[in-house]
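Trainee: Here it is, the structure, as structure tokens.
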Amino acid sequence: MSKDLFQELKFRDPARARALAQALARNMDAIGREVAVMHVCGSHEQAIARFGLRAVLPPTLRLVMGPGCPVCVTDGPEVDEAVALALQGVRVCTYGDMLRLPGTARSLADAQAEGGEVEVVYSISQAIELAQAHPAEQVVFFASGFETTAVATAAIALARPPENFSVLSAHKYVPAAMDLVAGSKETRIEGYLAAGHAAIITGWEIFEPFARRTGAPVVVAGFEPLDILAALVKLTELLKDGRPEVANVYPRCVTREGNKAAQASLWKVFQPASGRWRGIGEVPGGNLALTPAFAHVDARRRFAIDTGPVRDDSAAAEARGCLCGRIMLGLATPDHCPLFGTACLPESPVGACMVSSEGQCRIWHTYGGVPDLRQVG
Amino acid sequence: MEKPAQKIGLKHGSGGRAMRQLIEDVFLTLASPVDGIGLAALDDGAALRVGDRWLVVTTDSHVVHPIFFPGGDIGRISVSGTVNDLAMMGATEPLGITCAVILEEGFPRADLERVVASMRATAAEAGAPVVTGDTKVMGKGQVDGIVLNTTGVALADRVVTDAGLRAGDALVVTGSIGDHGMAVMARRHDLRLEGDLRSDVAPINGLVRAALAAGGEDVVAMKDPTRGGVAGVLHEMAAKGRVGIVVDEAALPVNDEVRAAGEMIGIDPLLVANEGKAVIGVRARSVEKVLAALRAHPQGARAAVIARAIAERPGAVILDTGFGKRMLAEPEGELLPRIC
Numbered sequence: 000m001s002k003d004l005f006q007e008l009k010f011r012d013p014a015r016a017r018a019l020a021q022a023l024a025r026n027m028d029a030i031g032r033e034v035a036v037m038h039v040c041g042s043h044e045q046a047i048a049r050f051g052l053r054a055v056l057p058p059t060l061r062l063v064m065g066p067g068c069p070v071c072v073t074d075g076p077e078v079d080e081a082v083a084l085a086l087q088g089v090r091v092c093t094y095g096d097m098l099r100l101p102g103t104a105r106s107l108a109d110a111q112a113e114g115g116e117v118e119v120v121y122s123i124s125q126a127i128e129l130a131q132a133h134p135a136e137q138v139v140f141f142a143s144g145f146e147t148t149a150v151a152t153a154a155i156a157l158a159r160p161p162e163n164f165s166v167l168s169a170h171k172y173v174p175a176a177m178d179l180v181a182g183s184k185e186t187r188i189e190g191y192l193a194a195g196h197a198a199i200i201t202g203w204e205i206f207e208p209f210a211r212r213t214g215a216p217v218v219v220a221g222f223e224p225l226d227i228l229a230a231l232v233k234l235t236e237l238l239k240d241g242r243p244e245v246a247n248v249y250p251r252c253v254t255r256e257g258n259k260a261a262q263a264s265l266w267k268v269f270q271p272a273s274g275r276w277r278g279i280g281e282v283p284g285g286n287l288a289l290t291p292a293f294a295h296v297d298a299r300r301r302f303a304i305d306t307g308p309v310r311d312d313s314a315a316a317e318a319r320g321c322l323c324g325r326i327m328l329g330l331a332t333p334d335h336c337p338l339f340g341t342a343c344l345p346e347s348p349v350g351a352c353m354v355s356s357e358g359q360c361r362i363w364h365t366y367g368g369v370p371d372l373r374q375v376g
Numbered sequence: 000m001e002k003p004a005q006k007i008g009l010k011h012g013s014g015g016r017a018m019r020q021l022i023e024d025v026f027l028t029l030a031s032p033v034d035g036i037g038l039a040a041l042d043d044g045a046a047l048r049v050g051d052r053w054l055v056v057t058t059d060s061h062v063v064h065p066i067f068f069p070g071g072d073i074g075r076i077s078v079s080g081t082v083n084d085l086a087m088m089g090a091t092e093p094l095g096i097t098c099a100v101i102l103e104e105g106f107p108r109a110d111l112e113r114v115v116a117s118m119r120a121t122a123a124e125a126g127a128p129v130v131t132g133d134t135k136v137m138g139k140g141q142v143d144g145i146v147l148n149t150t151g152v153a154l155a156d157r158v159v160t161d162a163g164l165r166a167g168d169a170l171v172v173t174g175s176i177g178d179h180g181m182a183v184m185a186r187r188h189d190l191r192l193e194g195d196l197r198s199d200v201a202p203i204n205g206l207v208r209a210a211l212a213a214g215g216e217d218v219v220a221m222k223d224p225t226r227g228g229v230a231g232v233l234h235e236m237a238a239k240g241r242v243g244i245v246v247d248e249a250a251l252p253v254n255d256e257v258r259a260a261g262e263m264i265g266i267d268p269l270l271v272a273n274e275g276k277a278v279i280g281v282r283a284r285s286v287e288k289v290l291a292a293l294r295a296h297p298q299g300a301r302a303a304v305i306a307r308a309i310a311e312r313p314g315a316v317i318l319d320t321g322f323g324k325r326m327l328a329e330p331e332g333e334l335l336p337r338i339c
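Quick note, the sequences are listed as chains A and B, same order.
Residues in the first sequence are numbered consecutively from 0, following numbering that gives the first Met the number 0.
Residues in the second sequence are numbered consecutively from 0, following numbering that gives the first Met the number 0.
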């Protein structure tokens, strides 16, 4: 048996899943009341929905997705900046999910249809290749993603990119959004699953001040179904014992201190900045802006971006009844939205959560819609 | 609610919800009452009463890109598809099939001869003589290479529909799933995947005959999982039989190459087309007999029970992943390139 297949079998063992589900039920019995916990990662939601994990959770445990889709939280006016650049003759490159993400009135796909040069790339290095291939043009990489993806952008910025290349950063910083959710009176989240891949970079100790400050335990989790169930067992155990600590149940990948070199390059190139997240509002320290030392690759500093002609705040999806904002804050689920699966579909998305493959609406739609099957079969 | 699209899109031909909606909205206006199973049943074909037997008729147009792919070609699909549609109605001995072809100006004669040779071989394999045909040529760009239409006729003593499930029935698939669609997709998009992805395209009337002989009246529903895959078939059977269906994901026979390709390109083999498989609904008491008969046939070695029908949630298809449960989405087609 190949090593990869062995790994997969090890983390996809239904018998172990049943044992974990039973442990989870015991913890929830001991807690004896309803508890809501949040994960903040599209890949976690993918695994939870793909494997139907919510159907085996104890009825008193509510597992909520928070602002875990970086594409979804990219704000309309940020997209407007990319649209304006594309329409003023700059070649704009971005990841596929960003193409149809609505700005206040238009998406990059619309800009493309109107004659703007927009290219979908699979990595930032492809954008660099495009800049090299078109030396007479300005190439802007519209960069989205959380701190994990921002590390790749930072590496490029540090590697002396071509002079006609710059970055329009829509990178977001997850810990800032967790602070915001924890501070909200409405959400009442008692514990968090942290994304394992982000923690590979940041290390798990980054969550310790958060856990101390908010009194909510944090468990770092991987992405196989058993990883997630095991993390929930640990999280409910910490809740049961009243221990607001950080636990790492993804030790095969995550260490206490993380990848120091990656952190150093991240914070050399980027600095936290406050900014609006779509549907959520102002997130203090939630955006990653290029530092002054990297002004030469910062599209916001290199171009006079005039979003005036492309901006129309009255056209926003919220006006059509879209619940993405509340969904991203964990205050609603896709089935609460009257547009979900009817007017809002992957081929004709209304809100950001249906555009991106990391968005909760898109994920739920792909995996059959409403997940509550506890009573069936 | 959504307004119907004013232009036909590729999704309207992909075997999913959009296609079903278009057929119901537009083509069902052609339906009129018949003695037997007509257009309104939206089955694999029609069954018309002739004396004390049934005349089963089915027709299918075939386009596939590329026309030659690992494991088959458009000629083999055109014969297999029609023979299999007849078999899905319980008619496993075709009296004859027709061959109508539309060619694009400039189509290479050598390719045409290769396609026809493949049709000849497949027809012989299925015991289905080609009995009449038609040829048209259209100008360059007016049609994409070649379009093949085949119609098949056969007599049957008993007709099997796709609406016969009731709670307690088992659903059997006759072999590995997803092979055809994944092989064609890999070739079309030039995915450099390791391993041997090959289409399963084949006439399976002999295999179905064996299942019917073993199960008799207890074979209550049959459908071939072409476009829309096994997921599409299960949705149709659940809706028409007014039952829920619970699928055991661990029981699905999937070749390693198909599973790997699916994980890589993010496409579930359940949604992918097959051209040499059937999903068969069987009353519980006859499942073992039918399974044994299928497995004894060279085309059915990997036959398996993959799902069961339940009384709850009529119309819904539920996937038991082994870790939890979720609804299995009805294929919509917009994510899948058109493959046959």
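C-beta atoms are modelled at their ideal positions from N, C-alpha and C, and glycine is treated no differently.
Of all Cβ atoms in chain B, is any one closer than 8 Å to the Cβ of Arg-53/A?
Mentor: Yes, contact with chain B.
Trainee: For the region 32-45 of chain A against the region 185-199 of chain A, are there 3 or more C-beta pairs whose distance is under 8 Å?
Mentor: They touch, by the three-pair rule.
Trainee: How many Å lie between Glu-207/A and Gly-240/B at the Cα?
Mentor: So the two alpha carbons sit approximately 55 Å from each other.
Trainee: Under 8 Å, with one C-beta from each stretch per pair, do the region 252-269 of chain A and the region 287-301 of chain A reach the 3-pair mark?
Mentor: Flag = yes, the region 252-269 of chain A and the region 287-301 of chain A touch.
Trainee: Relative to the alpha-carbon of Glu-274/B, which residue among Ala-109/B, Gly-194/B, Val-82/B, Asn-148/B has its alpha-carbon at the smallest distance?
Mentor: Out of Ala-109/B, Gly-194/B, Val-82/B, Asn-148/B, Val-82/B has the C-alpha closest to the C-alpha of Glu-274/B.
Trainee: From the DSSP output, in three-state form, read off Arg-310/A for me.
Mentor: Three-state DSSP puts Arg-310/A in coil, outside helix and strand.
Trainee: If you follow the alpha helix (DSSP H) that Lys-288/B is part of, which residue opens it and which one closes it?
Mentor: It spans 286-295 - the alpha helix (DSSP H) in which Lys-288/B sits, taken as one unbroken run.
Trainee: Taking CB distances under 8 Å as the criterion, tell me whether Gly-368/A reaches chain B.
Mentor: Yes, Gly-368/A lies at the interface with chain B (some Cβ there is under 8 Å from its Cβ).
Trainee: With a Cβ-Cβ cutoff of 8 Å, do Val-218/A and Ala-175/A count as a contact?
Mentor: No, these two residues do not count as a Cβ contact at 8 Å.
Trainee: What residues of chain A sit near Lys-6/B, judged by a beta carbon separation below 7 Å?
Mentor: Those within 7 Å of Lys-6/B in chain A number zero; the least Cβ separation is about 13 Å.
Trainee: Less than 8 Å between the C-beta atoms of Ser-356/A and Asp-178/A, yes or no?
Mentor: Cβ atoms of Ser-356/A and Asp-178/A: not closer than 8 Å.
Trainee: Counting along the chain, where does the beta strand (DSSP E) carrying Glu-274/B start and finish?
Mentor: From DSSP, Glu-274/B is part of no beta strand (DSSP E); its letter is neither H nor E.
Trainee: Put Pro-93/B into one of helix, strand or coil per three-state DSSP.
Mentor: Note: Pro-93/B maps to strand in three-state DSSP.
Trainee: Based on Cα-Cα distance, which residue from Met-184/B, Leu-27/B, Leu-111/B, Glu-103/B lies nearest to Met-263/B?
Mentor: The option with the nearest alpha carbon to Met-263/B is Met-184/B.
Trainee: List the whole-angstrom C-beta distance separating Val-304/B from Ala-169/B, where the pair is believed to meet the contact cut-off of C-beta under 8 Å.
Mentor: That pair is a contact at about 5 Å.
Trainee: Alpha carbon to alpha carbon, how far is Glu-33/A from Thr-59/A?
Mentor: When rounded, the distance between both Cα atoms is 4 Å.
Trainee: With a CB to CB cut of under 6 Å and the five nearest residues on each side skipped, what residues in its chain are close to Ala-249/B?
Mentor: Excluding positions up to five away in sequence, the list reads Gly-321.
Trainee: List the DSSP bridge partners of Ser-168/A.
Mentor: According to DSSP, which records beta bridges pairwise, Ser-168/A is partnered with Ala-142/A.
Trainee: Does the contact criterion of 3 or more C-beta pairs under 8 Å hold for the region 73-80 of chain A versus the region 117-131 of chain A?
Mentor: Output reads no: the region 117-131 of chain A does not touch the region 73-80 of chain A.
Trainee: Can a CB atom of chain B be found closer than 8 Å to the CB of Pro-58/A?
Mentor: Taking Cβ atoms only, chain B never reaches closer than 8 Å to Pro-58/A, which makes this a no.
Trainee: If we ignore side chains and look at the alpha-carbon of each, how far apart do Met-64/A and Ala-229/A end up?
Mentor: Met-64/A and Ala-229/A: Cα-Cα distance of roughly 17 Å.
Trainee: For Asp-297/A, which residues from the same chain have a beta carbon less than 7 Å from its beta carbon, with the 5 sequence-adjacent residues on both sides left out?
Mentor: These residues qualify, in order along the chain: Ser-165, Val-166, Leu-289.
Trainee: Cutting at 8 Å between CB atoms, please list the residues of its own chain near Leu-157/A, excluding the five before and the five after it.
Mentor: Hits under 8 Å: Ser-264, Lys-267, Val-268.
Trainee: Candidates Cys-352/A, Thr-365/A, His-364/A: which alpha carbon is nearest Cys-68/A's?
Mentor: Per the Cα distances, Cys-352/A.
Trainee: According to DSSP, is Ile-123/A helix, strand or coil?
Mentor: It is helical.
Trainee: What's the C-alpha gap between Ile-287/B and Thr-91/B?
Mentor: Checking the sequence, you will find Glu at residue 287/B rather than Ile. Going by the C-alpha atoms only, they are around 22 Å apart.
Trainee: Does the distance from the C-beta atom of Val-344/B to that of Thr-134/B stay below 8 Å?
Mentor: Residue 344/B lies beyond the residue range present for chain B, which begins at 0 and ends at 339; the question has no answer from this structure.
Trainee: Determine, using beta-carbon pairs with one atom in the region 146-153 of chain B and one in the region 165-181 of chain B, whether at least three such pairs fall under 8 Å.
Mentor: They do not touch, by the three-pair rule.
Trainee: Sorted by chain position, which residues of the same chain lie with C-beta nearer than 6 Å to Thr-332/A's C-beta, five sequence neighbours on each side aside?
Mentor: If we look at Thr-332/A and ignore the five residues flanking it on each side, it has no Cβ neighbours.
Trainee: Between the C-alpha atoms of Ala-155/B and Ala-292/B, what's the straight-line distance to the nearest angstrom?
Mentor: Answer to the nearest angstrom: the Cα atoms are 20 Å apart.
Trainee: Among the candidates Ala-220/A, Gly-202/A, Pro-283/A, Tyr-191/A, whose CA atom is the shortest distance from the CA of Ala-260/A?
Mentor: Nearest C-alpha to Ala-260/A: Gly-202/A.
Trainee: In whole angstroms, give me the CA-to-CA distance for Glu-136/A and Gly-12/B.
Mentor: Their backbone Cα atoms lie some 41 Å apart in a straight line.
Trainee: Using the Cα positions of Val-180/A and Gln-141/B, report the straight-line distance between them to the nearest angstrom.
Mentor: Each residue's Cα considered, the two are about 58 Å apart.
Trainee: Starting from Leu-147/B, follow its DSSP beta bridges and name the residues at the other end.
Mentor: Answer by DSSP bridge pairing, in chain order: His-61/B, Val-100/B.
Trainee: Under 8 Å, with one C-beta from each stretch per pair, do the region 300-319 of chain B and the region 229-237 of chain B reach the 3-pair mark?
Mentor: Result yes; three or more Cβ-Cβ pairs closer than 8 Å.
Trainee: Could you work out which residue in Pro-252/B, Pro-297/B, Pro-107/B is closest to Ile-66/B when comparing CA atoms only?
Mentor: With distances taken between Cα atoms, Ile-66/B lies closest to Pro-107/B.
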